[in-house]
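To start, the structure itself, in C-alpha coordinates.
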(Lines of atoms letter the chains of each structure in order from A and count residues from 1; the text may use other names and numbers.)
(Lines give C-alpha, C1' and ligand atoms only; values in the text may rest on other atoms or scores of the structure.)
Protein backbone atom coordinates (compact mmCIF):
# COMPACT_ATOMS: atom_id res chain seq x y z
CA UNK A 1 0.00 0.00 0.00
CA UNK A 2 1.33 3.44 -0.96
CA UNK A 3 2.00 5.59 2.06
CA UNK A 4 0.19 8.94 2.01
CA UNK A 5 1.73 12.39 1.86
CA UNK A 6 0.92 15.09 4.42
CA UNK A 7 0.55 18.82 3.81
CA UNK A 8 0.29 20.42 7.26
CA UNK A 9 -0.64 24.12 7.18
CA UNK A 10 -0.79 26.34 10.23
CA UNK A 11 -1.32 30.00 10.98
CA UNK A 12 -0.65 32.12 14.05
CA UNK A 13 -3.35 33.84 16.13
CA UNK A 14 -6.34 32.62 14.14
CA UNK A 15 -9.04 31.08 16.32
CA UNK A 16 -12.38 29.89 15.00
CA UNK A 17 -13.79 33.41 15.37
CA UNK A 18 -11.59 34.53 12.45
CA UNK A 19 -12.57 31.78 10.00
CA UNK A 20 -15.74 32.24 7.98
CA UNK A 21 -16.98 28.64 8.02
CA UNK A 22 -16.81 28.64 11.82
CA UNK A 23 -17.80 32.19 12.76
CA UNK A 24 -20.29 33.14 10.08
CA UNK A 25 -18.63 36.57 10.00
CA UNK A 26 -18.02 38.32 6.65
CA UNK A 27 -14.29 37.60 6.69
CA UNK A 28 -12.73 36.33 3.48
CA UNK A 29 -11.34 32.88 4.24
CA UNK A 30 -12.57 31.31 1.03
CA UNK A 31 -9.72 28.83 0.68
CA UNK A 32 -10.02 27.56 4.24
CA UNK A 33 -13.79 27.40 3.84
CA UNK A 34 -13.41 25.36 0.66
CA UNK A 35 -11.07 23.00 2.49
CA UNK A 36 -13.77 22.56 5.14
CA UNK A 37 -16.39 21.84 2.47
CA UNK A 38 -14.16 19.08 1.11
CA UNK A 39 -12.90 17.74 4.42
CA UNK A 40 -13.60 17.00 8.07
CA UNK A 41 -14.25 20.06 10.22
CA UNK A 42 -13.69 19.70 13.94
CA UNK A 43 -15.98 22.07 15.84
CA UNK A 44 -14.47 21.53 19.29
CA UNK A 45 -10.75 21.50 18.58
CA UNK A 46 -8.64 23.04 21.33
CA UNK A 47 -5.09 24.27 21.55
CA UNK A 48 -2.98 22.55 24.18
CA UNK A 49 -1.98 26.03 25.42
CA UNK A 50 -3.04 29.55 24.34
CA UNK A 51 0.56 30.75 23.94
CA UNK A 52 2.79 30.41 20.86
CA UNK A 53 5.70 28.20 21.92
CA UNK A 54 3.80 25.88 24.29
CA UNK A 55 1.12 25.37 21.62
CA UNK A 56 3.72 24.56 18.97
CA UNK A 57 5.48 22.22 21.37
CA UNK A 58 2.27 20.24 21.73
CA UNK A 59 1.63 20.19 18.00
CA UNK A 60 5.09 19.07 16.95
CA UNK A 61 6.07 16.76 19.82
CA UNK A 62 2.66 15.23 20.56
CA UNK A 63 3.09 15.83 24.29
CA UNK A 64 2.17 18.80 26.46
CA UNK A 65 4.71 21.56 26.96
CA UNK A 66 4.78 20.73 30.67
CA UNK A 67 6.32 17.39 29.60
CA UNK A 68 8.58 18.51 26.75
CA UNK A 69 9.98 21.64 28.44
CA UNK A 70 8.77 24.87 26.77
CA UNK A 71 5.94 25.70 29.17
CA UNK A 72 6.45 29.37 28.27
CA UNK A 73 7.74 31.30 25.28
CA UNK A 74 11.48 31.38 24.55
CA UNK A 75 12.18 27.96 26.04
CA UNK A 76 13.14 25.02 23.82
CA UNK A 77 12.05 21.39 24.15
CA UNK A 78 14.51 19.08 25.88
CA UNK A 79 17.20 17.53 23.71
CA UNK A 80 15.76 14.07 24.39
CA UNK A 81 12.32 15.01 23.06
CA UNK A 82 11.36 13.68 19.62
CA UNK A 83 9.37 15.73 17.13
CA UNK A 84 6.97 15.05 14.30
CA UNK A 85 9.88 15.47 11.90
CA UNK A 86 11.93 12.77 13.57
CA UNK A 87 9.11 10.24 13.72
CA UNK A 88 8.33 10.67 10.03
CA UNK A 89 11.94 10.91 8.86
CA UNK A 90 12.74 7.67 10.69
CA UNK A 91 9.79 6.10 8.88
CA UNK A 92 11.25 7.01 5.48
CA UNK A 93 9.44 10.27 4.79
CA UNK A 94 10.98 13.34 3.19
CA UNK A 95 10.34 15.90 5.92
CA UNK A 96 10.22 19.60 5.15
CA UNK A 97 9.35 22.54 7.43
CA UNK A 98 8.89 25.99 5.91
CA UNK A 99 8.11 29.09 7.98
CA UNK A 100 7.71 30.14 11.57
CA UNK A 101 9.16 27.65 14.06
CA UNK A 102 9.33 29.48 17.43
CA UNK A 103 10.53 26.31 19.16
CA UNK A 104 14.29 26.74 19.39
CA UNK A 105 14.36 28.67 22.68
CA UNK A 106 15.73 31.75 20.93
CA UNK A 107 13.87 34.99 20.27
CA UNK A 108 10.67 35.39 18.27
CA UNK A 109 12.46 35.09 14.93
CA UNK A 110 14.50 31.97 15.62
CA UNK A 111 18.11 31.12 14.86
CA UNK A 112 17.82 30.31 11.17
CA UNK A 113 19.35 26.89 11.87
CA UNK A 114 17.44 23.84 10.63
CA UNK A 115 16.99 20.94 13.08
CA UNK A 116 18.38 17.68 11.75
CA UNK A 117 14.98 16.05 11.24
CA UNK A 118 13.92 18.59 8.59
CA UNK A 119 15.27 19.34 5.09
CA UNK A 120 17.75 22.22 5.44
CA UNK A 121 17.30 23.24 1.79
CA UNK A 122 13.76 24.44 2.54
CA UNK A 123 14.07 25.64 6.15
CA UNK A 124 12.89 29.25 6.31
CA UNK A 125 12.17 30.67 9.76
CA UNK A 126 12.05 34.31 10.81
CA UNK A 127 15.82 34.69 10.98
CA UNK A 128 16.13 33.50 7.38
CA UNK A 129 13.53 36.05 6.28
CA UNK A 130 15.28 38.84 8.19
CA UNK A 131 18.56 37.93 6.47
CA UNK A 132 16.95 38.77 3.11
CA UNK A 133 15.89 42.26 4.24
CA UNK A 134 17.89 45.46 4.59
CA UNK A 135 17.91 47.25 7.95
CA UNK A 136 15.45 49.75 6.53
CA UNK A 137 13.13 46.97 5.35
CA UNK A 138 13.31 45.28 8.75
CA UNK A 139 12.25 48.54 10.37
CA UNK A 140 9.36 48.84 7.96
CA UNK A 141 8.24 45.26 8.52
CA UNK A 142 8.23 45.51 12.29
CA UNK A 143 6.96 49.04 12.84
CA UNK A 144 6.46 51.06 9.66
CA UNK A 145 3.55 49.58 7.70
CA UNK A 146 0.50 50.52 9.73
CA UNK A 147 -1.76 52.22 7.21
CA UNK A 148 -2.80 52.37 3.58
CA UNK A 149 -0.54 55.40 3.21
CA UNK A 150 2.47 53.52 4.64
CA UNK A 151 1.96 50.59 2.28
CA UNK A 152 1.52 52.83 -0.76
CA UNK A 153 4.45 55.10 0.09
CA UNK A 154 6.81 52.14 0.38
CA UNK A 155 5.44 50.24 -2.65
CA UNK A 156 4.71 47.15 -0.58
CA UNK A 157 3.32 44.23 -2.53
CA UNK A 158 2.99 40.54 -1.68
CA UNK A 159 6.58 39.76 -2.71
CA UNK A 160 7.83 41.71 0.31
CA UNK A 161 5.94 39.57 2.81
CA UNK A 162 7.19 36.57 4.75
CA UNK A 163 3.98 34.72 3.91
CA UNK A 164 4.47 35.04 0.15
CA UNK A 165 8.05 33.82 0.36
CA UNK A 166 6.98 30.87 2.52
CA UNK A 167 4.38 29.95 -0.09
CA UNK A 168 6.95 30.22 -2.88
CA UNK A 169 9.17 27.67 -1.17
CA UNK A 170 6.25 25.35 -0.50
CA UNK A 171 5.17 25.44 -4.15
CA UNK A 172 8.75 24.80 -5.23
CA UNK A 173 8.96 21.79 -2.92
CA UNK A 174 5.77 20.30 -4.34
CA UNK A 175 6.92 20.75 -7.93
CA UNK A 176 10.31 19.07 -7.60
CA UNK A 177 10.42 16.05 -9.98
CA UNK A 178 11.86 13.77 -7.28
CA UNK A 179 8.80 14.30 -5.13
CA UNK A 180 7.09 11.25 -6.66
CA UNK A 181 9.77 8.86 -5.39
CA UNK A 182 9.28 9.29 -1.64
CA UNK A 183 6.30 10.11 0.60
CA UNK A 184 6.55 13.57 2.10
CA UNK A 185 5.50 15.50 5.16
CA UNK A 186 5.60 19.24 4.49
CA UNK A 187 4.73 21.74 7.22
CA UNK A 188 3.89 25.25 6.00
CA UNK A 189 3.82 27.59 8.99
CA UNK A 190 2.68 31.19 8.55
CA UNK A 191 3.24 34.03 11.02
CA UNK A 192 0.08 35.74 9.80
CA UNK A 193 -2.35 37.05 10.96
CA UNK A 194 -0.07 37.75 13.94
CA UNK A 195 1.45 41.22 14.36
CA UNK A 196 2.96 43.10 12.46
CA UNK A 197 0.05 42.41 10.04
CA UNK A 198 1.96 42.98 6.80
CA UNK A 199 -0.03 42.53 3.61
CA UNK A 200 -0.62 44.29 0.26
CA UNK A 201 -2.63 47.49 0.36
CA UNK A 202 -5.67 46.06 -1.46
CA UNK A 203 -6.39 43.77 1.49
CA UNK A 204 -6.27 46.64 3.98
CA UNK A 205 -8.57 48.74 1.83
CA UNK A 206 -11.29 46.07 2.12
CA UNK A 207 -11.54 46.32 5.91
CA UNK A 208 -11.35 50.05 6.65
CA UNK A 209 -15.04 50.17 7.53
CA UNK A 210 -15.44 46.65 8.92
CA UNK A 211 -16.32 46.22 12.61
CA UNK A 212 -16.39 42.81 14.25
CA UNK A 213 -19.45 42.45 16.48
CA UNK A 214 -18.42 40.68 19.69
CA UNK A 215 -21.91 40.86 21.12
CA UNK A 216 -22.46 40.28 24.84
CA UNK A 217 -18.89 39.10 25.39
CA UNK A 218 -17.70 42.69 25.09
CA UNK A 219 -19.87 43.69 28.05
CA UNK A 220 -18.69 41.02 30.50
CA UNK A 221 -18.15 42.83 33.82
CA UNK A 222 -15.83 40.02 35.04
CA UNK A 223 -17.64 40.29 38.38
CA UNK A 224 -17.86 36.53 38.87
CA UNK A 225 -14.57 35.76 37.15
CA UNK A 226 -11.06 35.14 38.53
CA UNK A 227 -9.21 38.12 39.93
CA UNK A 228 -6.33 37.82 37.48
CA UNK A 229 -8.78 38.42 34.60
CA UNK A 230 -9.73 41.75 36.15
CA UNK A 231 -6.08 42.67 36.74
CA UNK A 232 -5.27 41.80 33.14
CA UNK A 233 -8.17 43.94 31.91
CA UNK A 234 -7.00 46.89 34.00
CA UNK A 235 -3.38 46.60 32.90
CA UNK A 236 -4.23 46.20 29.20
CA UNK A 237 -7.58 47.92 28.62
CA UNK A 238 -9.87 46.63 25.91
CA UNK A 239 -10.31 48.87 22.84
CA UNK A 240 -13.96 47.80 22.60
CA UNK A 241 -16.84 49.77 24.09
CA UNK A 242 -20.26 48.58 25.17
CA UNK A 243 -21.37 48.54 21.53
CA UNK A 244 -19.22 45.41 21.23
CA UNK A 245 -17.61 46.46 17.93
CA UNK A 246 -13.94 45.57 17.44
CA UNK A 247 -12.11 47.56 14.75
CA UNK A 248 -8.70 46.32 13.60
CA UNK A 249 -8.38 46.58 9.80
CA UNK A 250 -4.75 45.39 9.79
CA UNK A 251 -5.62 42.16 11.60
CA UNK A 252 -8.62 41.45 9.40
CA UNK A 253 -6.67 42.25 6.23
CA UNK A 254 -3.80 39.98 7.18
CA UNK A 255 -6.29 37.23 7.99
CA UNK A 256 -7.64 37.59 4.44
CA UNK A 257 -4.14 37.68 2.93
CA UNK A 258 -2.90 34.51 4.61
CA UNK A 259 -5.99 32.68 3.36
CA UNK A 260 -4.96 33.49 -0.20
CA UNK A 261 -1.45 32.25 0.52
CA UNK A 262 -2.89 29.00 1.88
CA UNK A 263 -4.87 28.68 -1.33
CA UNK A 264 -1.70 29.07 -3.41
CA UNK A 265 -0.10 26.10 -1.68
CA UNK A 266 -3.13 23.81 -1.74
CA UNK A 267 -3.74 24.59 -5.41
CA UNK A 268 -0.10 23.73 -6.19
CA UNK A 269 -0.67 20.06 -5.42
CA UNK A 270 -0.43 18.11 -8.67
CA UNK A 271 -3.30 15.73 -9.51
CA UNK A 272 -1.07 12.81 -8.55
CA UNK A 273 -0.21 14.42 -5.22
CA UNK A 274 -3.82 15.38 -4.58
CA UNK A 275 -4.83 11.73 -4.93
CA UNK A 276 -2.49 10.70 -2.11
CA UNK A 277 -2.15 13.73 0.18
CA UNK A 278 -3.88 14.48 3.46
CA UNK A 279 -4.21 18.24 3.96
CA UNK A 280 -4.35 19.43 7.57
CA UNK A 281 -4.99 23.03 8.60
CA UNK A 282 -4.97 24.50 12.08
CA UNK A 283 -3.67 27.44 14.15
CA UNK A 284 -1.80 27.76 17.43
CA UNK A 285 -4.29 29.93 19.36
CA UNK A 286 -6.52 32.96 19.02
CA UNK A 287 -6.76 36.62 20.10
CA UNK A 288 -9.17 37.97 22.73
CA UNK A 289 -9.99 41.05 20.58
CA UNK A 290 -11.71 42.75 23.54
CA UNK A 291 -14.01 39.85 24.40
CA UNK A 292 -14.45 39.63 28.19
CA UNK A 293 -12.66 43.01 28.25
CA UNK A 294 -9.33 41.30 27.48
CA UNK A 295 -6.81 41.63 24.66
CA UNK A 296 -4.03 39.40 23.32
CA UNK A 297 -3.83 35.94 24.96
CA UNK A 298 -2.69 34.56 28.27
CA UNK A 299 -3.98 33.07 31.51
CA UNK A 300 -7.58 32.52 30.42
CA UNK A 301 -9.40 29.61 28.83
CA UNK A 302 -12.11 31.42 26.89
CA UNK A 303 -12.91 29.94 23.48
CA UNK A 304 -11.69 33.18 21.89
CA UNK A 305 -8.11 32.02 22.39
CA UNK A 306 -8.37 28.26 23.03
CA UNK A 307 -10.85 26.96 20.44
CA UNK A 308 -8.87 26.68 17.25
CA UNK A 309 -9.83 25.74 13.70
CA UNK A 310 -8.95 22.22 12.63
CA UNK A 311 -9.77 20.81 9.22
CA UNK A 312 -8.48 17.53 7.79
CA UNK A 313 -9.08 16.82 4.11
CA UNK A 314 -8.55 13.21 3.00
CA UNK A 315 -7.08 12.59 -0.46
CA UNK A 316 -10.49 11.79 -1.94
CA UNK A 317 -12.39 14.29 0.20
CA UNK A 318 -14.95 13.58 2.91
CA UNK A 319 -17.32 16.29 4.05
CA UNK A 320 -18.49 15.93 7.64
CA UNK A 321 -18.32 17.72 10.97
CA UNK A 322 -17.13 16.39 14.32
CA UNK A 323 -18.34 17.88 17.61
CA UNK A 324 -16.30 15.60 19.88
CA UNK A 325 -13.56 17.60 21.66
CA UNK A 326 -10.09 17.07 20.19
CA UNK A 327 -6.71 18.63 20.84
CA UNK A 328 -3.42 19.62 19.25
CA UNK A 329 -2.08 16.64 21.17
CA UNK A 330 -4.14 14.32 18.96
CA UNK A 331 -2.75 15.47 15.61
CA UNK A 332 0.59 13.64 15.65
CA UNK A 333 -0.95 10.28 16.70
CA UNK A 334 -3.62 10.70 14.01
CA UNK A 335 -1.03 11.33 11.31
CA UNK A 336 1.08 8.41 12.52
CA UNK A 337 -1.94 6.11 12.31
CA UNK A 338 -2.59 7.22 8.72
CA UNK A 339 1.07 6.65 7.82
CA UNK A 340 1.26 3.25 9.52
CA UNK A 341 3.83 4.46 12.06
CA UNK A 342 3.73 2.88 15.51
CA UNK A 343 2.79 5.40 18.20
CA UNK A 344 5.27 5.60 21.11
CA UNK A 345 3.66 5.09 24.50
CA UNK A 346 4.75 8.56 25.62
CA UNK A 347 2.18 10.20 23.31
CA UNK A 348 -1.12 10.64 25.20
CA UNK A 349 -3.26 11.63 22.22
CA UNK A 350 -5.39 9.44 20.00
CA UNK A 351 -6.53 9.02 16.41
CA UNK A 352 -9.28 11.62 16.13
CA UNK A 353 -10.56 10.22 12.85
CA UNK A 354 -11.85 7.36 14.97
CA UNK A 355 -12.96 9.52 17.92
CA UNK A 356 -16.68 8.89 18.31
CA UNK A 357 -17.00 8.12 22.03
CA UNK A 358 -17.32 10.84 24.70
CA UNK A 359 -13.95 12.28 25.62
CA UNK A 360 -12.40 15.31 27.23
CA UNK A 361 -9.30 17.34 26.40
CA UNK A 362 -6.94 19.35 28.59
CA UNK A 363 -5.67 22.87 27.99
CA UNK A 364 -2.84 24.28 30.11
CA UNK A 365 -1.30 27.66 30.86
CA UNK A 366 1.74 28.36 33.01
CA UNK A 367 3.41 31.57 31.91
CA UNK A 368 3.26 33.83 28.88
CA UNK A 369 6.92 34.59 28.41
CA UNK A 370 10.10 34.06 30.36
CA UNK A 371 11.54 37.44 29.36
CA UNK A 372 9.00 39.69 31.07
CA UNK A 373 6.04 39.72 33.43
CA UNK A 374 3.70 42.07 31.59
CA UNK A 375 1.17 39.24 31.34
CA UNK A 376 1.18 38.41 35.03
CA UNK A 377 4.13 36.07 35.49
CA UNK A 378 3.49 32.51 36.66
CA UNK A 379 -0.25 31.74 36.69
CA UNK A 380 -0.84 27.96 36.54
CA UNK A 381 -4.16 27.04 34.92
CA UNK A 382 -5.59 23.69 33.87
CA UNK A 383 -8.79 23.29 31.87
CA UNK A 384 -10.93 20.26 31.03
CA UNK A 385 -13.31 20.47 28.06
CA UNK A 386 -16.08 18.02 27.18
CA UNK A 387 -18.80 18.34 24.57
CA UNK A 388 -21.13 19.99 27.11
CA UNK A 389 -18.98 21.74 29.73
CA UNK A 390 -15.69 23.48 30.42
CA UNK A 391 -14.00 23.43 33.85
CA UNK A 392 -11.12 25.81 34.54
CA UNK A 393 -8.88 25.45 37.60
CA UNK A 394 -6.93 28.64 38.35
CA UNK A 395 -4.57 27.41 41.03
CA UNK A 396 -3.84 30.81 42.62
CA UNK A 397 -7.24 32.48 42.16
CA UNK A 398 -10.82 31.22 41.68
CA UNK A 399 -12.20 28.61 39.31
CA UNK A 400 -14.74 28.55 36.46
CA UNK A 401 -17.38 26.23 35.03
CA UNK A 402 -19.26 26.98 31.81
CA UNK A 403 -22.18 25.31 30.07
CA UNK A 404 -20.88 25.17 26.50
CA UNK A 405 -24.25 24.49 24.89
CA UNK A 406 -26.40 27.03 26.73
CA UNK A 407 -23.76 29.69 27.37
CA UNK A 408 -21.38 29.68 24.37
CA UNK A 409 -20.23 33.22 25.24
CA UNK A 410 -18.96 31.94 28.62
CA UNK A 411 -20.55 34.73 30.64
CA UNK A 412 -22.18 32.73 33.45
CA UNK A 413 -19.64 31.13 35.77
CA UNK A 414 -21.37 28.10 37.35
CA UNK A 415 -18.56 27.00 39.63
CA UNK A 416 -20.62 27.59 42.79
CA UNK A 417 -24.04 26.75 41.32
CA UNK A 418 -25.58 23.93 43.42
CA UNK A 419 -27.37 22.41 40.47
CA UNK A 420 -24.07 21.78 38.70
CA UNK A 421 -22.12 20.27 41.60
CA UNK A 422 -22.21 16.73 40.20
CA UNK A 423 -21.08 17.85 36.75
CA UNK A 424 -18.35 20.01 38.26
CA UNK A 425 -17.02 17.22 40.48
CA UNK A 426 -17.05 14.67 37.67
CA UNK A 427 -15.11 17.09 35.47
CA UNK A 428 -12.71 17.77 38.33
CA UNK A 429 -11.98 14.08 38.85
CA UNK A 430 -11.42 13.57 35.12
CA UNK A 431 -8.95 16.46 34.98
CA UNK A 432 -7.00 15.24 38.01
CA UNK A 433 -6.86 11.73 36.55
CA UNK A 434 -5.55 13.08 33.26
CA UNK A 435 -2.89 15.25 34.94
CA UNK A 436 -1.73 12.15 36.77
CA UNK A 437 -1.82 10.04 33.61
CA UNK A 438 0.48 12.39 31.68
CA UNK A 439 2.65 13.03 34.77
CA UNK A 440 2.08 16.79 34.65
CA UNK A 441 5.12 18.12 36.58
CA UNK A 442 2.99 20.94 38.01
CA UNK A 443 0.60 18.48 39.63
CA UNK A 444 0.20 19.00 43.36
CA UNK A 445 -2.53 18.23 45.88
CA UNK A 446 -3.66 21.88 45.75
CA UNK A 447 -5.36 21.08 42.43
CA UNK A 448 -7.67 18.70 44.31
CA UNK A 449 -8.34 20.99 47.31
CA UNK A 450 -10.66 23.57 45.81
CA UNK A 451 -12.95 25.73 48.01
CA UNK A 452 -16.09 24.55 46.22
CA UNK A 453 -15.38 20.89 46.97
CA UNK A 454 -15.64 20.72 50.74
CA UNK A 455 -15.47 16.93 50.95
CA UNK A 456 -12.24 16.68 48.95
CA UNK A 457 -9.23 15.05 50.54
CA UNK A 458 -5.65 15.94 49.65
CA UNK A 459 -4.71 13.83 46.66
CA UNK A 460 -1.07 12.79 46.58
CA UNK A 461 0.01 12.17 43.01
CA UNK A 462 3.13 10.13 43.37
CA UNK A 463 3.94 7.52 40.72
CA UNK A 464 6.93 7.79 38.46
CA UNK A 465 6.06 7.99 34.79
CA UNK A 466 6.40 4.64 33.00
CA UNK A 467 9.26 4.84 30.52
CA UNK A 468 8.82 2.22 27.79
CA UNK A 469 11.91 1.32 25.79
CA UNK A 470 10.49 2.18 22.38
CA UNK A 471 13.40 4.15 21.00
CA UNK A 472 11.65 7.48 21.47
CA UNK A 473 10.43 7.84 25.04
CA UNK A 474 13.16 9.42 27.20
CA UNK A 475 14.82 6.77 29.35
CA UNK A 476 14.99 7.57 33.06
CA UNK A 477 16.92 5.30 35.42
CA UNK A 478 15.55 4.48 38.83
CA UNK A 479 17.51 6.11 41.66
CA UNK A 480 17.79 2.88 43.67
CA UNK A 481 18.53 0.34 40.95
CA UNK A 482 20.19 2.35 38.20
CA UNK A 483 17.89 0.56 35.75
CA UNK A 484 15.26 2.11 33.45
CA UNK A 485 12.10 2.81 35.40
CA UNK A 486 9.03 0.72 34.67
CA UNK A 487 6.40 2.79 36.41
CA UNK A 488 7.66 2.45 39.99
CA UNK A 489 4.92 3.48 42.41
CA UNK A 490 5.27 5.43 45.61
CA UNK A 491 3.68 2.53 47.52
CA UNK A 492 6.52 0.25 46.42
CA UNK A 493 9.04 2.81 47.61
CA UNK A 494 7.32 3.08 50.99
CA UNK A 495 7.56 -0.68 51.49
CA UNK A 496 11.33 -0.50 51.14
CA UNK A 497 11.65 1.90 54.02
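Residue numbers (full-length UniProt numbering): 1 to 497.
Note that CB positions come from ideal geometry on N, CA and C, so glycine has one too.
What you are looking at is a predicted structure, and each value in this text was computed from that prediction instead of being measured.
- Assignment of residue 320 by DSSP, reduced to helix, strand and coil, places it in the strand class.
- Taking residue 124 as the centre and dropping the five residues before and after it, the same chain places the C-beta of 98, 99, 165, 166, 169 closer than 8 Å to its C-beta, in chain order.
- The three-state secondary structure of residue 108, taken from DSSP, is coil.
- Residue 402 counts as buried, since no fewer than 16 other beta carbons sit within 10 angstroms of its beta carbon.
- Nearest to residue 276 by C-alpha distance, out of 294, 254, 316, is 316.
- Residue 55 sits buried, since 16 or more C-beta atoms from the chains shown fall within 10 Å of its C-beta.
- Cβ-Cβ distances below 8 Å link residue 26 to 20, 210 in the same chain, with the five nearest sequence neighbours on each side left out; the list follows chain order.
- Per DSSP, reduced to three states, the secondary structure at residue 45 is strand.
- Residue environment analysis places residue 159 among the exposed positions, since fewer than 16 neighbouring C-beta atoms fall within 10 angstroms of its C-beta.
- Under the three-pair Cβ rule at 8 Å, the region 100–114 does not count as touching the region 146–154.
- Within the region 9–60, the runs of beta strand (DSSP E) that reach at least 3 residues and sit entirely inside it are, in chain order, 40–42.
- As for any beta strand (DSSP E) of minimum length 3 sitting wholly inside the region 89–168, the runs are 94–99, ordered along the chain.
- A contact between stretches requires three or more CB pairs, one per stretch, nearer than 8 Å, and the region 294–310 fails this requirement with the region 254–273.
- The C-beta of residue 73 has 16 or more other C-beta atoms within 10 Å across all chains shown, which makes the residue buried.
- For the 7 Å CB-CB criterion, residue 5 and residue 177 do not form a contact.
- The beta carbon of residue 216 sits closer than 7 Å to the beta carbons of 409, 411 from its chain, once the five residues preceding and following it are set aside; these are given in chain order.
- By the criterion of a C-beta distance shorter than 6 Å, residue 189 is surrounded in its chain by 10, 99, 100, once the five residues flanking it on both sides are discounted.
- By alpha-carbon distance to residue 110, the top candidate from 120, 128, 122 is 128.
- In the structure shown, residue 359 falls within a coil segment according to DSSP collapsed to helix, strand and coil.
- Partner residues in the beta bridge of residue 5, as assigned by DSSP, are 277.
- Segment contact: the region 316–328 against the region 32–49, three or more CB-CB distances shorter than 8 Å; contact assigned.
- Take the alpha-carbon of residue 362 and the one of residue 426: they are about 14 Å apart.
- In this structure, DSSP gives residue 447 a helical state, which the three-state scheme calls helix.
- Residue 174 places its beta carbon 7 Å or farther from that of residue 88.
- The beta carbon of residue 91 sits closer than 7 Å to those of 339, 341, all from its chain and outside the five residues before and after it, given in chain order.
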